[in-house]
Structures are given as C-alpha cells and as structure tokens.
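To start, the structure under review is shown below, and the notes come after it.
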Amino acid sequence: MTQKRAKLCAWLVGAVAAMSASSASAVTLAEDADTICKGLVGGADAVKIDSATLQAPSQLAVAERGPTPSGRITPANPGFCKVLGHIDPVDPKAPPIKFQVNLPVEWNGRSVQYGGGGFNGVLITGLALPPAYPFDKPSPLARGFVTYGTDSGHESKPGEPPQLFALNDEAFENFAHRAYKKVRDVAVALMQRAYGKKPEKMYFMGSSEGGREGLTMAQRYPDDFDGIFARVPVINWVGLQHAGTRSGLVTMGDGWINPAQVKLVGEAVRAACDKADGSDDALVQDPVTCKAAFKVEALRCASGKTGDQCLTEAQIKAVNTLHATYKFPFVLANGLDDYPGWGVSGEDTPAIGPTGGWTAWWLGTAPPAQPPAPNNGIAWIYGAGGTQYVFARDPKLDVTTYKVEEHKARILEVSNLMDSTNPDLSRFRERKGKLIILEHLADYAQSPYAGIRYFENVERLMGTATTALFARLYTAPGVDHVGSGAPANVDMLSVLVDWVEKDQAPGDLEVTEQKAEAPAFPVVRALPLCRWPAWPHYEAGSVTEASSYFCAQ
Numbered sequence: 016m017t018q019k020r021a022k023l024c025a026w027l028v029g030a031v032a033a034m035s036a037s038s039a040s041a042v043t044l045a046e047d048a049d050t051i052c053k054g055l056v057g058g059a060d061a062v063k064i065d066s067a068t069l070q071a072p073s074q075l076a077v078a079e080r081g082p083t084p085s086g087r088i089t090p091a092n093p094g095f096c097k098v099l100g101h102i103d104p105v106d107p108k109a110p111p112i113k114f115q116v117n118l119p120v121e122w123n124g125r126s127v128q129y130g131g132g133g134f135n136g137v138l139i140t141g142l143a144l145p146p147a148y149p150f151d152k153p154s155p156l157a158r159g160f161v162t163y164g165t166d167s168g169h170e171s172k173p174g175e176p177p178q179l180f181a182l183n184d185e186a187f188e189n190f191a192h193r194a195y196k197k198v199r200d201v202a203v204a205l206m207q208r209a210y211g212k213k214p215e216k217m218y219f220m221g222s223s224e225g226g227r228e229g230l231t232m233a234q235r236y237p238d239d240f241d242g243i244f245a246r247v248p249v250i251n252w253v254g255l256q257h258a259g260t261r262s263g264l265v266t267m268g269d270g271w272i273n274p275a276q277v278k279l280v281g282e283a284v285r286a287a288c289d290k291a292d293g294s295d296d297a298l299v300q301d302p303v304t305c306k307a308a309f310k311v312e313a314l315r316c317a318s319g320k321t322g323d324q325c326l327t328e329a330q331i332k333a334v335n336t337l338h339a340t341y342k343f344p345f346v347l348a349n350g351l352d353d354y355p356g357w358g359v360s361g362e363d364t365p366a367i368g369p370t371g372g373w374t375a376w377w378l379g380t381a382p383p384a385q386p387p388a389p390n391n392g393i394a395w396i397y398g399a400g401g402t403q404y405v406f407a408r409d410p411k412l413d414v415t416t417y418k419v420e421e422h423k424a425r426i427l428e429v430s431n432l433m434d435s436t437n438p439d440l441s442r443f444r445e446r447k448g449k450l451i452i453l454e455h456l457a458d459y460a461q462s463p464y465a466g467i468r469y470f471e472n473v474e475r476l477m478g479t480a481t482t483a484l485f486a487r488l489y490t491a492p493g494v495d496h497v498g499s500g501a502p503a504n505v506d507m508l509s510v511l512v513d514w515v516e517k518d519q520a521p522g523d524l525e526v527t528e529q530k531a532e533a534p535a536f537p538v539v540r541a542l543p544l545c546r547w548p549a550w551p552h553y554e555a556g557s558v559t560e561a562s563s564y565f566c567a568q
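Position 259, counted from 1, in the sequence shown is what the working numbering calls 274; the numbers after and before it change by one each time, with no gaps.
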C-alpha cells in the first residue's frame with residue numbers, strides 16, 4: 016500500500032474511532048445542525064473537507080428547457096449540511112477526486128450514492144432526481160437519505176476532449192472504479208462524525224456510465240451496498256467504444272443519413288411493427304421480434320435514384336452495420352469477444368442534447384469529422400476520442416487508420432479496468448444485496464442487448480432460481496437512453512428499499528409517462544415495466560426469435 020493510500024485509510028479509521036469513543040454523548044445533527052456542520056471542515060493527509068455549510072429548505076423549480084426530461088426538475092430539498100471536499104491523488108500529476116455529501120438535518124439512517132454519466136468530469140451533487148424517478152415524488156434527500164456523488168477524479172474543461180484525463184493512469188483508474196469506493200468510504204465516515212452512527216442501509220443509483228458504476232460496485236465491492244439500481248448500464252465499455260466508432264466510420268462520406276431519411280426509417284419501423292401488439296399507439300412494444308422482421312433493404316433507392324424518400328447502398332450498409340455485432344479478434348475480460356448490435360424503434364426520437372435517437376447519438380447533423388465536431392453524433396465524439404486518448408493514447412491519431420490488433424495489450428488492460436461484465440455476483444448475493452437493472456429498448460447510446468446478455472450470463476452461472484432471489488432485469492420499450500420517447504418513470508428507490516428491508520421482491524411494475532410541468536406533472540399514459548423472462552433470448556451475438564417477453568398487452 017502506498018503512503019498516501021495508507022494515510023487515507025488512517026483518516027477513515029480515525030474518524031470512526033473518534034465517533035465511537037464519544038457515541039454515548041454524540042449530538043445528532045438536528046440538535047445543533049449549524050455547529051455540527053461547520054465542525055466537519057478540515058481534515059488531514061489525503062482527505063480534505065473544503066467547506067460545510069447549512070442550507071435552508073428550498074422549493075421545487077421547473078425550468079422551461081433541459082437536456083433531459085428530469086433535467087428540468089430541481090426538486091424541493093429540506094435543510095441539510097452541504098459538504099464539499101476532495102481526496103488528494105497519489106500521483107502529483109493526477110487530479111484530485113472531488114465529492115459532495117448532503118447530510119439532512121432529519122436523517123432516516125440510509126444513504127444513496129449517485130452515479131455519473133459519459134466520461135464524468137462533472138461533480139455529481141446528489142441533489143437531483145435519481146434515474147427513472149417520478150417527477151412528483153420527494154427527492155431522496157427530502158425523504159431523509161444522505162445523498163452524495165463525485166466527479167470520479169477529474170474535471171472536464173470547456174474546449175478540451177472529455178477523454179483527456181485518460182492519459183494519466185491514476186485518473187483513469189479512479190474513473191474506472193476507485194473513485195466511487197473512496198468517496199463511499201469518506202461518506203460513511205462523515206455520517207459517523209455528523210450523526211454518531213453508521214448508516215443502516217446504503218443504496219447506489221446510476222444511469223449509463225453511472226449504471227456501469229453501480230454494477231462495478233456489486234462486482235468489485237460487494238460488501239459496500241445493500242441495494243443497487245443500474246439503468247442502461249454501459250457495462251461492456253470497451254466493446255461499446257469500438258462499436259460506436261465503427262458505426263461512425265461507416266457513415267463517413269456517402270454512408271451518412273440525413274434527418275429526413277432518419278424519419279423515413281422510423282416511420283417504416285412503426286409501419287412494420289407498431290400494430291403487432293394489437294394497438295396503434297406509435298410504440299413498438301416488441302422490438303426484439305421487430306428487429307428480425309424489419310428489413311432496411313425495403314427502403315433501397317431505385318436504380319440511379321437518390322433523395323430523402325429512399326436509402327442508397329452505402330446508407331443501407333451503415334444501418335446494417337449499426338444492427339450487427341462487433342467482433343474482436345481476441346477475448347476481453349470475463350470471456351467476451353464481441354459487442355451486440357443495436358435494435359430498432361425510436362430512430363427518429365427528436366434530438367435535444369443527449370435526448371433522442373439516431374440524430375442525437377449516432378448521426379448528428381453532419382457527417383463524422385476528425386477531430387470530432389460538436390454537431391457530430393455523441394457516439395462518434397465518445398468513440399473517436401476514446402480511441403485516441405484511451406486505447407491508442409495518441410491524441411493526433413487518424414482514427415480511420417486504427418487497428419485493434421496493434422493495441423491488444425492496452426485494450427485488455429482497459430477491459431479489465433472498465434468492463435463490468437463479471438457475472439459472478441455470489442458475494443453480493445451472500446450478504447443479501449439486491450440488484451435491479453433497467454434497459455431501454457430504444458437506446459442508441461448503448462445497446463440494451465449488452466445488459467440483457469449480462470443478466471442472462473448471471474442466470475447461467477448462478478442459476479435462474481438463485482438469481483431471482485436477488486436480481487431483476489426490466490425492459491422498457493420505446494424509451495431512449497435518458498428517459499424520453501416513452502418514459503418509464505418509476506420509484507426504484509422505494510422498490511429497492513422494500514426488497515432490501517422488507518423482503519418484498521418486485522414483480523411487474525406500473526410506470527408512468529410524465530410531462531415536466533409544474534405543478535401537476537400530468538401523467539400522459541401508464542404502462543407496465545416488465546421483468547425479462549427466465550429463458551434466454553440472446554445467443555451468440557444476435558437476438559433469437561422470441562416475442563412473449565413483454566407484458567404490455
């Protein structure tokens with residue numbers, strides 16, 4: 016153990032010991048909140064508490080615009096102590112790990128760690144709504160949970176590639192897994208200092224990269240959390256970056272598909288599959304069967320023709336590339352050697368920031384550029400930059416010349432750090448941890464079939480009956496990566512609490528589509544959120560024929 020890591024451990028042990036020694040006369044935060052809050056500032060060695068200020072209660076606010084549906088909501092919060100701090104790096108060239116911990120004046124004995132997103136680099140405050148959360152529910156902090164988050168050990172700056180930090184080994188390892196564990200332990204020590212006791216139950220909620228972080232905690236640190244919710248987790252991270260880059264490369268030049276043609280494809284998918292569930296609701300509720308039924312070749316331009324109402328051979332090739340499995344020439348961590356292709360439906364969901372379908376994530380509003388341009392698809396911005404800064408570690412690399420075989424050692428190193436694909440959750444199960452995964456089936460940021468395959472690999476290794484004791488996979492048709500399209504709003508925190516603390520295992524869940532409008536948050540429609548079945552539907556890199564997994568009839 017390095018000297019600085021030993022000092023970090025010493026700080027945590029010291030904080031625990033100090034509170035244990037005085038626990039009989041410990042003052043709760045509610046008795047003298049301001050004094051206790053201010054007294055948290057300071058620290059020694061690696062962990063520093065930079066500020067701790069008591070915040071007055073605040074009211075609900077709804078913005079006119081936001082990058083995601085939930086991003087418009089600033090929930091009402093109670094009085095709480097806002098703690099900001101950092102953990103010094105071992106490598107002086109690496110950035111610190113920044114964190115925020117929110118200690119409510121009235122604590123219920125529980126905590127929620129919030130996951131990040133993308134390449135992180137932004138401090139997660141723990142003050143927003145968690146993933147999939149209904150807009151009209153009190154926030155976790157308002158319900159008495161301690162909430163906290165981190166920037167994962169680096170800060171993204173305007174004008175810099177979001178992957179720049181990956182050139183530093185410690186910064187990348189913090190991003191992979193260490194930052195979340197370190198901040199979790201600091202949060203526990205702060206709770207002991209502030210309240211005089213440990214949290215009774217600890218929860219983790221994350222979406223996208225944050226979903227990967229949640230599964231990382233279950234796999235690497237199975238003793239740390241009682242309940243974990245992972246929405247649209249990017250678990251096969253190395254595969255996703257390579258598959259996303261491949262899908263971008265095939266749209267360079269003649270393969271790029273313009274917004275009018277994206278609408279053409281979306282309408283063709285709905286025409287082929289919308290009524291298969293017996294209703295004409297503009298929602299493909301069985302995208303698994305639809306992927307097998309829909310043939311993009313039906314949109315081929317007649318000989319010598321082009322235009323917005325058909326697709327050229329190069330564009331058809333691009334669509335088939337998106338749908339196809341990406342295959343590696345060697346095996347990655349946990350025995351995987353591929354990344355599943357994307358599915359169908361939601362292609363033309365409007366693009367607003369990370370919200371949307373093909374235009375937001377795959378195609379952008381202009382063909383891929385080098386270096387990536389702001390009007391390119393997010394997957395190209397992430398994948399091309401990942402290729403340069405993470406895998407090749409050459410910021411000037413021409414991505415079109417990148418060859419996987421030439422970077423095998425580095426790819427395997429990254430896979431072992433980043434790919435949260437280990438199906439052995441036996442330790443997490445043994446300590447009675449509970450896991451819920453939610454996949455959105457109109458997601459073009461990552462393939463939902465990666466998470467579906469992971470869950471089925473857990474079932475294969477641990478057995479279907481054993482897996483059902485502690486894990487659930489849900490699928491939401493028509494929902495994009497960040498919850499738009501056909502939103503699946505459900506209080507997964509309460510579902511986890513009931514399962515962890517009352518042993519009430521969830522079945523099918525009723526979800527609502529809400530509009531972010533104050534004060535009523537009107538319900539647009541209600542659909543069930545359905546458990547993935549006990550039998551496998553995903554084999555050898557492709558979706559097999561099966562249509563009865565969904566419950567929305």
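For glycine and all other residues, C-beta sits at the position ideal for the given N, C-alpha and C. As the structure is a prediction and not an experimental result, all values here were calculated from the model.
Using CA coordinates, which residue listed in Gly372, Tyr469 and Arg446 is at the minimum distance from Asp458?
Gly372
Can you tell me which of the three DSSP states Ala39 falls into?
Because the pLDDT at Ala39 is just 26, under 50, the model does not fix this residue reliably, and the value given afterwards should be weighed accordingly. In this structure, Ala39 counts as helix in the three-state DSSP scheme.
As assigned by DSSP and simplified to three states, the class of Ile452:
strand
Helix, strand or coil for Cys96? Go by DSSP, reduced to three states.
strand
Tell me Tyr129's beta-bridge partners as DSSP assigns them.
Met220
Per DSSP, the bridge partner or partners of Arg339
A small fix is needed here, since residue 339 is Ala in this sequence, not Arg. Per DSSP, none; premise fails for Ala339.
Tell me the rounded alpha-carbon separation between Thr140 and Val127.
11 Å
Does DSSP put Asp65 in a helix, in a strand, or in coil?
strand
Given this structure, state the Cα-to-Cα distance separating Pro82 from Glu224, to the nearest angstrom.
17 Å
Could you check where the alpha helix (DSSP H) with Gln2 kicks off and where it finishes?
Lying outside 16 to 568, the shown extent of the chain, residue 2 is not represented and no answer is given.
Only counting the same chain, and skipping five residues up and downstream in sequence, which positions put a Cβ closer than 7 Å to that of Trp252?
Arg227, Met433 and Asp434
Here's the rule: buried if 16 or more other CB atoms are within 10 angstroms of the residue's CB, otherwise exposed. What is Lys418?
exposed
With distances taken Cα to Cα, identify the nearest neighbour of Tyr354 among Ile250, Asp301 and Pro274.
Ile250
Beta-carbon separation of Thr89 and Ala76 under 8 Å?
yes
Just how far apart, CA to CA, sit Arg80 and Gly368?
11 Å
In this structure, does DSSP put Ser462 in helix, strand or coil?
coil
Under 8 Å between C-beta atoms of Leu230 and Ala245
yes
For Tyr341, which residues from the same chain have a beta carbon less than 7 Å from its beta carbon, with the 5 sequence-adjacent residues on both sides left out?
Gly254, His257, Ala258, Arg261, Asp353 and Tyr354
Chain-order list of residues whose beta-carbon lies under 6 Å from that of Lys63 (same chain, five-residue window excluded):
Gly100 and His101
Under the three-state DSSP convention, the category Asn504 falls into
strand
Shortest alpha-carbon distance to Phe160 belongs to which of Phe180, Val359 and Lys213?
Lys213
Unbroken beta strand (DSSP E) run spanning Tyr489, endpoints:
Ala486 to Ala491
Among Asp523, Ile396, Val510 and Gln519, nearest to Tyr148 - alpha-carbon criterion:
Val510
Determine whether the beta carbon atoms of Lys196 and Tyr236 lie at a separation below 8 Å.
yes
Inter-residue Cα distance where the pair is Ala302 and Ser360
The sequence given here has Pro at residue 302, not Ala. So the alpha carbons of these two residues sit roughly 7 Å apart.
Pick from Pro387, Asn472, Gly358 and Ala424 that is closest to Gln461, judged by C-alpha positions:
Gly358
Assuming Val526 and Asn504 form a contact by the criterion Cβ under 8 Å, report the distance between their Cβ atoms to the nearest whole angstrom.
6 Å
Using 8 Å as the threshold, is the C-beta distance between Pro387 and Gly400 below it?
yes
Are at least three pairs of beta-carbons, each pair with one atom in the segment 475-492 and one in the segment 332-351, less than 8 Å apart?
no
Cβ neighbour criterion (16 or more within 10 Å) applied to Ala59:
exposed
Proximity of Lys332 and Gly379 at Cβ, strictly below 8 Å
no
Specify, as a first and last residue, the run of the beta strand (DSSP E) that Ile393 falls within.
Careful: Ile393 lies outside any beta strand (DSSP E), inside the alpha helix (DSSP H) at Ile393 to Gly401.
With H, G and I counted as helix, E and B as strand and the rest as coil, what does DSSP make of Leu524?
strand
Closest to Arg425 by CA distance: which of Val265, Val405, Arg193 and Arg444 is it?
Val405
Quick one: any contact between the segment 437-450 and the segment 484-492, if contact means 3 or more CB pairs under 8 Å?
yes
List the residues that DSSP assigns as beta-bridge partners of Tyr236.
DSSP, once it has assigned bridges, lists no residue as partnering Tyr236.
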